Amino acid sequence: MLSELDKTILKELQDNFPVSSRPFAEVSGKFDLSEEDLISKLRSLQKRKLIRYLGAVFATKKLGIRSTLVAMSVPKKILSRVIRLINSYPQVSHNYLRSGEYNIWFTLSAASKPQLEALFKEIKKRSGVNKVLNLETVKVFKIDARFDLKNK
Amino acid sequence: MKPGKKIILALNRPLGIIKMPFAPAAQEIGWSEAKLLRAIKAYKRQGLIRRLGLILAHRRVGLRSNVLVVWKVARKDLVRAAKVFQSAAEVSHCYQRKTCPNWPYNIYTMVHGQNRKSCLESIKKLSCLAGIEDHRELFTLKELKKTKADIWLLTNRKKKENSPG
Numbered sequence: 001m002l003s004e005l006d007k008t009i010l011k012e013l014q015d016n017f018p019v020s021s022r023p024f025a026e027v028s029g030k031f032d033l034s035e036e037d038l039i040s041k042l043r044s045l046q047k048r049k050l051i052r053y054l055g056a057v058f059a060t061k062k063l064g065i066r067s068t069l070v071a072m073s074v075p076k077k078i079l080s081r082v083i084r085l086i087n088s089y090p091q092v093s094h095n096y097l098r099s100g101e102y103n104i105w106f107t108l109s110a111a112s113k114p115q116l117e118a119l120f121k122e123i124k125k126r127s128g129v130n131k132v133l134n135l136e137t138v139k140v141f142k143i144d145a146r147f148d149l150k151n152k
Numbered sequence: 001m002k003p004g005k006k007i008i009l010a011l012n013r014p015l016g017i018i019k020m021p022f023a024p025a026a027q028e029i030g031w032s033e034a035k036l037l038r039a040i041k042a043y044k045r046q047g048l049i050r051r052l053g054l055i056l057a058h059r060r061v062g063l064r065s066n067v068l069v070v071w072k073v074a075r076k077d078l079v080r081a082a083k084v085f086q087s088a089a090e091v092s093h094c095y096q097r098k099t100c101p102n103w104p105y106n107i108y109t110m111v112h113g114q115n116r117k118s119c120l121e122s123i124k125k126l127s128c129l130a131g132i133e134d135h136r137e138l139f140t141l142k143e144l145k146k147t148k149a150d151i152w153l154l155t156n157r158k159k160k161e162n163s164p165g
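Protein chains in written order, with our numbering: chain C, 1 to 152; chain G, 1 to 165.
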């Protein structure tokens, strides 16, 4: 499990990662750690797969990328084939099995709206699934995959 | 100014947990580290880089239950409901999406919690605060794919090259 110190460190570095030459040296003092100790702690948390990623997340929409959420009602018999098909597309970044009539939900991105539409049609056709929803993004109100680790 | 190919390629992948994590990317781009740091700060200010830092594996940090909640929100209630969802710590994502025939839901929220019960409690609270009753809970049963979008491929490849196999 995570110690209180681990939680404090993870929270700080997900919320306020310094954009500087030696970011770990800059924040290590806050935790009464040396730069080396902080780095080795983070590496061990990464090894334990608590850290998914360290780096930048681009605002894809501002870079011109268009995206949509697709829901499919896939019969159990063809489920594994359809999952393989969907996951084979590099334009699919997320794919989930969910409870409910529509059991497959994936995000699809492309450089333009016509390309996105063509890609959607292609996947729909290749999957052979009839009940498919193309839930185009109208507005993003919130994207904030930072988590409050306290009181958990 | 939008970042060019070299910068996107160098920054759209993990930084190392090392003393100078930005140095290898700078070297790859052919910039001084100081120039890259200035550029990153500018991209952050412009909103081109949404955020920079650690991304945690939420399933492993105690948030084991995840549910996509879809809401049917009337136009007049949109702003108020969105405010509620935006300010809720349990909600990581909130999108407005087009509806489909037989699918009237237009607001999509990802709700996270320690377990199914805590998610359901959060949803009840959100429903009250937003004043929206009509919703569906679509629990995550399995993560089938989760990757970072390949920005360079998405913005630059020609259409016919897009499909695999």
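From the three backbone atoms N, C-alpha and C, an ideal C-beta is built for every residue, glycine too. A quick note: this is a predicted structure, and the numbers were derived from the prediction, not measured.
| Item | Value |
| --- | --- |
| Cβ neighbours of C/Asn-87 in the same chain (closer than 8 Å, five flanking residues each side left out) | Asn-95 |
| is_contact[G/Arg-80, chain C] using C-beta, thresh 9 Å | no |
| Straight-line Cα distance separating G/Val-79 from G/Glu-161 | Caution is warranted here: a pLDDT of 46 is assigned to G/Glu-161, below 50, making its placement in the model unreliable, and no coordinate value can be reported. |
| Within the stretch 75-148 of chain G, ranges of the beta strand (DSSP E) (whole runs, at least 3 residues) | 91-97, 107-113 and 135-146 |
| Neighbourhood of C/Val-129 by C-beta, 6 Å cutoff - its chain only, sequence neighbours within 5 removed | Met-72 and Val-74 |
| Test: G/Asp-150 CB closer than 9 Å to a CB of chain C | yes |
| Residues bridged to C/Ile-51 [DSSP beta-bridge criterion] | G/Leu-56 |
| Bridge-paired residues (DSSP) for G/Asn-66 | G/His-112 |
| Chain-ordered chain G contacts of C/Leu-69 [CB-CB under 8 Å] | Tyr-95, Arg-97 and Tyr-108 |
| Best match in C/Lys-61, C/Leu-119 and C/Gln-46 for proximity to G/Gln-46 [C-alpha to C-alpha] | C/Lys-61 |
| Endpoints, beta strand (DSSP E) assigned at C/Ile-143 | 132-143 |
| The stretch 95-118 of chain C: positions lying closer than 9 Å to chain G by Cβ | Asn-95, Tyr-96, Leu-97, Arg-98, Ser-99, Gly-100, Tyr-102, Asn-103, Ile-104, Trp-105, Phe-106, Thr-107, Ser-109, Ala-110, Ala-111, Ser-112, Pro-114, Gln-115 and Ala-118 |
| Alpha helix (DSSP H) runs wholly inside the stretch 9-76 of chain C, at least 4 long, in chain order | 23-28 and 35-47 |
| Same chain only: Cβ atoms within 7 Å of G/Asn-66, ignoring 5 sequence neighbours per side | Met-110, His-112 and Thr-140 |
| G/Ser-163 (DSSP reduced to helix, strand or coil) | Confidence at G/Ser-163 is low in this model, with a pLDDT of 48, below 50, so the placement of that residue should be treated as unreliable; the coordinate-derived value is given next. Coil at G/Ser-163, not helix or strand. |
| Interface flag, C/Arg-52 vs chain G, CB-CB below 9 Å | yes |
| DSSP three-state assignment for C/Asn-87, whether helix, strand or coil | helix |
| Where C/Asn-151 falls: helix, strand or coil (DSSP) | Bear in mind that the predicted position of C/Asn-151 carries a pLDDT of just 44, short of 50, making it too unreliable to give a figure here. |
| Residue-chain proximity (G/Gly-4, chain C), Cβ-Cβ < 9 Å | no |
| Distance between G/Asn-115 and C/Lys-152 (C-alpha atoms, nearest Å) | Bear in mind that the predicted position of C/Lys-152 carries a pLDDT of just 40, short of 50, making it unreliable; the figure below should be weighed with that in mind. Each residue's Cα considered, the two are about 11 Å apart. |
| Residues near G/Gln-86 in its chain [Cβ-Cβ closer than 7 Å; skip 5 each side] | Cys-94 |
| Residues of its chain near G/Gly-165, where Cβ-Cβ distance is below 6 Å and the 5 sequence neighbours each way are ignored | Its pLDDT being 41, under 50, G/Gly-165 is placed unreliably by the model, and nothing is read from it. |
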